[in-house]
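The structure appears below as structure tokens.
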Amino acid sequence: MQAEWRPTCSIEMLRLRAQVLAEIRQFFSEKAVLEVETPLLSHSSGTDPQLDFFTADYCSPPLRQTLFLQTSPEFAMKRLLAAGSGSIYQICKAFRNGESGRFHNPEFTLLEWYRVGFTLTQLMDEITELMVVLFEGRVALKPTQRVSYQNLFLRTTGLNPLVFSYQDYFAYTWANDMPEAAALCGDDHGLWLDFIFSHKVQPHLGDNAVCMVYGYPACQSSLARINADNPQVADRVEIFINGIELGNGYYELTDAQEQDRRFDEEQIIRQQKKRPVTVKNKQLITALEAGLPECSGMAIGLDRLLMLLANSATIDGVLNFPLHRS
55 MQAEWRPTCS
65 IEMLRLRAQV
75 LAEIRQFFSE
85 KAVLEVETPL
95 LSHSSGTDPQ
105 LDFFTADYCS
115 PPLRQTLFLQ
125 TSPEFAMKRL
135 LAAGSGSIYQ
145 ICKAFRNGES
155 GRFHNPEFTL
165 LEWYRVGFTL
175 TQLMDEITEL
185 MVVLFEGRVA
195 LKPTQRVSYQ
205 NLFLRTTGLN
215 PLVFSYQDYF
225 AYTWANDMPE
235 AAALCGDDHG
245 LWLDFIFSHK
255 VQPHLGDNAV
265 CMVYGYPACQ
275 SSLARINADN
285 PQVADRVEIF
295 INGIELGNGY
305 YELTDAQEQD
315 RRFDEEQIIR
325 QQKKRPVTVK
335 NKQLITALEA
345 GLPECSGMAI
355 GLDRLLMLLA
365 NSATIDGVLN
375 FPLHRS
């Protein structure tokens with residue numbers, strides 16, 4: 055039997071992708087945000103306990119090294135920011151091992167940008183502007199919604215996401231026919247929140263509207279700074295439309311020591327979970343020590359965005375050659 059050579063998306067979809075990329079570039083050009091490129095191959099990886107990485111062997115005898123395909127251009131872009139680039143954006147490929155399904159392909163396209171001097175509120179304003187540009191004339195959206203994680207979680211589940219209570223979380227998941235939660239989440243506050251949020255909160259977010267959820271619990275701070283007024287909250291925002299997560303953004307952490315501590319903590323968690331060993335990005339730590347300007351940044355999965363613009367039920371419908379045809 056011959057291998058299928060045709061793309062999984064239509065030619066019209068190829069044109070839509072090209073138009074969207076052109077509109078994004080025009081949007082940032084008008085704001086004097088510089089387009090940049092950074093390497094896909096790196097000597098280091100991220101340390102996120104939830105992600106697995108692709109590796110590649112670099113052979114230049116007698117040298118032989120293991121390199122990593124990047125899950126995001128974030129670390130390299132922050133090095134550019136520390137070097138004085140000013141506000142920047144990038145459209146690039148990113149890679150996450152083991153991720154495949156209706157909304158996932160292990161190779162995908164990211165839009166990532168950083169705005170020097172922006173607060174998280176200003177970043178959310180700009181996200182709204184961009185969504186208007188991309189959806190107008192294609193899909194009619196209701197006005198953008200903004201809601202704090204704490205209020206949303208409490209309203210939907212009756213649980214406090216900022217204070218971990220194994221007993222309360224267990225009782226809720228057991229009562230809501232999710233008995234597997236305890237075995238999966240253990241005593242990890244962040245995992246409990248991810249589990250409950252993804253099953254009971256996220257599916258209802260952004261009913262034909264952009265929904266921005268901000269003020270994530272501090273245990274899910276990732277690369278965001280802790281809120282100056284409430285140490286239980288991180289200055290982080292995620293965006294959703296019709297229950298689909300599109301992007302993740304932060305008021306960026308600039309403290310090198312704190313970032314280094316978080317990397318070490320994540321590596322310990324990876325070891326405990328017997329996840330593949332990672333290599334900490336020391337160049338990012340050095341860049342933060344040199345001085346990362348105050349900034350906010352956002353990463354949006356463009357393939358998922360195109361799914362919404364094209365009303366595609368699966369990510370394969372907006373990709374020319376997903377993994378099974380690559």
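Residue numbers (this note's numbering): 55 to 380. Ideal Cβ placement from N, Cα and C applies to all residues, glycine included.
By Cβ distance, which residues of its chain are closer than 6 Å to residue i, with the 5 residues on each side in sequence left out?
i           : result
residue 189 : 195
residue 82  : 143
residue 96  : 122, 124
residue 172 : 350
residue 182 : 198
Have a look at residue i and residue j and give me their C-alpha separation to the nearest angstrom.
i           : j           : result
residue 321 : residue 306 : 21 Å
residue 288 : residue 116 : 46 Å
residue 121 : residue 113 : 10 Å
residue 137 : residue 274 : 28 Å
residue 159 : residue 147 : 11 Å
residue 325 : residue 144 : 32 Å
residue 208 : residue 167 : 31 Å
residue 129 : residue 370 : 28 Å
residue 330 : residue 119 : 17 Å
residue 88  : residue 259 : 32 Å
residue 246 : residue 223 : 7 Å
residue 342 : residue 290 : 19 Å
residue 99  : residue 68  : 31 Å
residue 366 : residue 213 : 34 Å
residue 84  : residue 177 : 16 Å
residue 157 : residue 229 : 28 Å
residue 73  : residue 358 : 16 Å
residue 94  : residue 150 : 12 Å
residue 56  : residue 64  : 21 Å
Can you round the beta-carbon distance between residue i and residue j to whole angstroms, since I take them to be within the 8 Å contact cut?
i           : j           : result
residue 254 : residue 210 : 6 Å
residue 352 : residue 297 : Going by Cβ atoms, the distance from residue 352 to residue 297 rounds to 19 Å, so no, they are not a contact pair.
residue 249 : residue 239 : 6 Å
residue 271 : residue 216 : 5 Å
residue 350 : residue 304 : 7 Å
residue 360 : residue 164 : Not really, about 13 Å apart at Cβ, beyond 8 Å.
residue 237 : residue 227 : About 11 Å separates the two Cβ atoms, so there is no contact after all.
Could you check which residue in the options has the C-alpha nearest to that of residue i?
i           : options            : result
residue 155 : 368, 296, 379, 374 : 368
residue 356 : 242, 60, 185, 98   : 185
residue 179 : 149, 123, 268      : 268
residue 312 : 339, 152, 74       : 339
residue 364 : 85, 102, 191, 111  : 191
residue 345 : 359, 309, 361      : 309
residue 187 : 354, 323, 164, 77  : 77
residue 444 : 203, 243, 173, 286 : Not covered by the structure: residue 444. The range shown for the chain is 55 to 380.
residue 327 : 104, 200, 74       : 104
residue 362 : 315, 262, 314, 282 : 262
residue 107 : 152, 85, 292       : 152
residue 202 : 193, 157, 175      : 175
residue 314 : 282, 277, 281, 292 : 277
residue 332 : 109, 86, 72, 60    : 109
residue 219 : 241, 229, 200, 204 : 241
residue 292 : 372, 200, 374      : 200
residue 354 : 64, 66, 127        : 127
If you reduce the DSSP assignment to three classes, tell me which class residue i lands in.
i           : result
residue 355 : strand
residue 167 : strand
residue 205 : helix
residue 218 : coil
residue 75  : helix
residue 111 : strand
residue 315 : helix
residue 345 : helix
residue 41  : Since the first residue shown for the chain is 55 and the last is 380, residue 41 is missing from the structure and cannot be characterised.
residue 337 : helix
residue 263 : strand
residue 282 : coil
residue 379 : helix
residue 133 : helix
residue 146 : strand
residue 80  : helix
residue 196 : strand
residue 257 : helix
residue 371 : helix
Cutting at 7 Å between CB atoms, please list the residues of its own chain near residue i, excluding the five before and the five after it.
i           : result
residue 317 : 101, 334
residue 133 : 337, 338, 341
residue 323 : 103
residue 232 : 253
residue 75  : 145
residue 58  : 379
Please go through the same chain and pick out, in chain order, the residues whose beta-carbon is closer than 8 Å to the beta-carbon of residue i, but skip the five residues on each side of it.
i           : result
residue 380 : 161
residue 131 : 90, 92, 142, 144, 166, 168, 351
residue 256 : 294, 297, 299
residue 376 : 62, 159, 369, 370
residue 286 : 216, 217, 271, 272
residue 170 : 135, 140, 141, 347, 348, 349
Return yes when at least one heavy atom of the ligand GTP lies under 6 Å from the C-beta of residue i, else no.
i           : result
residue 145 : In the structure on display, the ligand GTP does not appear, and there are no ligands present to speak of.
Verify the CB distance criterion: does residue i have a CB-CB separation below 7 Å to chain D?
i          : result
residue 98 : Note that chain D does not occur in the displayed structure, where there is just one protein chain.
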